[in-house]
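A.B. asks:
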Amino acid sequence: MPNHQLLDNITHKDVHVITEHKPEFGDNVSYSPVFISEFRDVQAHYPIFFQKNAQSGQFESIALFGLAAAENLFLSDAGWQANYIPLSIKRRPFLIGFQETLDAGVVSEEPVIHIDMDSPRISYNQGAEVFLPQGGQSPYLQQIAATLKAIHQGHQDTKTFIDTLQQHELLESVEIKVTLDDESKHSMDFLYTINEEKVAQLSDQVVADLHRLGYLKAIHMILASMSNMSHLIALKNNLLK
3 MPNHQLLDNI
13 THKDVHVITE
23 HKPEFGDNVS
33 YSPVFISEFR
43 DVQAHYPIFF
53 QKNAQSGQFE
63 SIALFGLAAA
73 ENLFLSDAGW
83 QANYIPLSIK
93 RRPFLIGFQE
103 TLDAGVVSEE
113 PVIHIDMDSP
123 RISYNQGAEV
133 FLPQGGQSPY
143 LQQIAATLKA
153 IHQGHQDTKT
163 FIDTLQQHEL
173 LESVEIKVTL
183 DDESKHSMDF
193 LYTINEEKVA
203 QLSDQVVADL
213 HRLGYLKAIH
223 MILASMSNMS
233 HLIALKNNLL
243 K
């Protein structure tokens, strides 16, 4: 079982987090979930696709980092080679948990910060401090709190966006087939993308509604991100040299 603990400044007063990016810290992943609020930054570096979550069966948007399992082509000895790292990567080893609160007789669940104490990023002598010596939140933890808040909001916002795409039948499965310079072949058949032809056929009213919601811009950013596939292939070919 994962060792997820509710973060507090007594139990975790001496905890530090290693923030650099290396395979041994769990960064050798071929994709990660991304949220609609970060599409503008994500599409500048990574292709954005959709996949069905293995646990929930629901669609989620992802940024693709590699062409094979456990392959992150943006990782090098110097760290993560892109100017933007998705929120779901940056938040590690922290995650959102929920704690029941009672207010005026009404029970509700409030999001709180948990920390994965089994993460290889946990240290007691190097990395960013989580709490200040007096017990206050460090600037690093404040950044993490903002990241987790964005993720918490992003889950619902992105779900609503994807529900709208499905409502208008704009998602379609796609199989990625790549032949590299050494003639080796790679394929991925678990991805979905937006059907550009169906977008062009939407009625003026639907287009206006999508524009009002900010979804039309998100759709075009996803379509534009497909050009980053050529960059992924180039990175993979560079490994063959």
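When we follow the numbering used here, the leftmost residue of the sequence shown carries the number 3, and every step to the right adds one.
By construction, the Cβ of each residue, glycine as well, lies at the ideal position given by its N, Cα and C atoms.
Who are the near neighbours of residue 217 in its chain, counting only those whose CB is closer than 7 Å to its CB and skipping five residues on each side?
C.D. replies: Start at 1 with the first residue of the sequence shown, and residue 217 comes out as number 215. 163 and 166.
A.B. asks: Going straight from the alpha carbon of residue 228 to that of residue 105, what length do you get?
C.D. replies: For the purposes of this step, residue 228 is identified with residue 226 of the sequence shown, where counting begins at 1. For the purposes of this step, residue 105 is identified with residue 103 of the sequence shown, where counting begins at 1. Rounded to whole angstroms, residue 228 to residue 105 spans 48 Å at the Cα level.
A.B. asks: Restricting to runs no shorter than 4 residues, where is the alpha helix (DSSP H) found entirely within the region 22-103?
C.D. replies: 41-44 and 89-92
A.B. asks: Going straight from the alpha carbon of residue 95 to that of residue 207, what length do you get?
C.D. replies: Along the sequence shown, one-based indexing puts residue 95 at 93. Along the sequence shown, one-based indexing puts residue 207 at 205. Rounded to the nearest angstrom, the two C-alpha atoms are 44 Å apart.
A.B. asks: Could you tell me the alpha carbon to alpha carbon distance between residue 180 and residue 236, rounded to whole angstroms?
C.D. replies: Indexing the sequence shown from 1 puts residue 180 at position 178. Indexing the sequence shown from 1 puts residue 236 at position 234. Their Cα atoms are separated by approximately 11 Å.
A.B. asks: When the Cα atoms are used, what is the spatial distance from residue 214 to residue 85?
C.D. replies: Along the sequence shown, one-based indexing puts residue 214 at 212. Along the sequence shown, one-based indexing puts residue 85 at 83. Answer to the nearest angstrom: the Cα atoms are 30 Å apart.
A.B. asks: CB residue 173 to CB residue 51, shorter than 8 Å?
C.D. replies: On the sequence shown, residue 173 is found 171 positions in, with the first residue counted as 1. On the sequence shown, residue 51 is found 49 positions in, with the first residue counted as 1. Result no, Cβ atoms of residue 173 and residue 51 do not sit closer than 8 Å.
A.B. asks: Mind checking which residues open and close the beta strand (DSSP E) that includes residue 174?
C.D. replies: Numbered from its first residue, the sequence shown carries residue 174 at position 172. Where residue 174 is concerned, the enclosing beta strand (DSSP E) stretches over 173-181.
A.B. asks: Measure the alpha-carbon distance for residue 60 versus residue 118 and round it to whole angstroms.
C.D. replies: If you number the sequence shown from 1, residue 60 lands on position 58. If you number the sequence shown from 1, residue 118 lands on position 116. Spanning the two alpha carbons is a distance of roughly 25 Å.
A.B. asks: Can you check DSSP and say which residues form a bridge with residue 194?
C.D. replies: In the sequence shown, residue 194 corresponds to position 192, counting from 1. BP columns for residue 194 point to 52 and 175.
A.B. asks: Nearest to residue 28 by alpha carbon, out of 63, 71 and 45?
C.D. replies: As a working mapping, residue 28 is identified with position 26 in the sequence shown. When only C-alpha atoms are compared, the closest one is 71.
A.B. asks: Take residue 88 as the anchor and find which of 19, 65 and 32 has the nearest alpha-carbon.
C.D. replies: To locate residue 88, count along the sequence shown from 1; it is residue 86. Selected option, being the one with the closest Cα: 65.
A.B. asks: Using DSSP with H/G/I as helix, E/B as strand and the rest coil, what is residue 108?
C.D. replies: Reading the sequence shown from its first residue, position 106 is the one you call residue 108. Strand.
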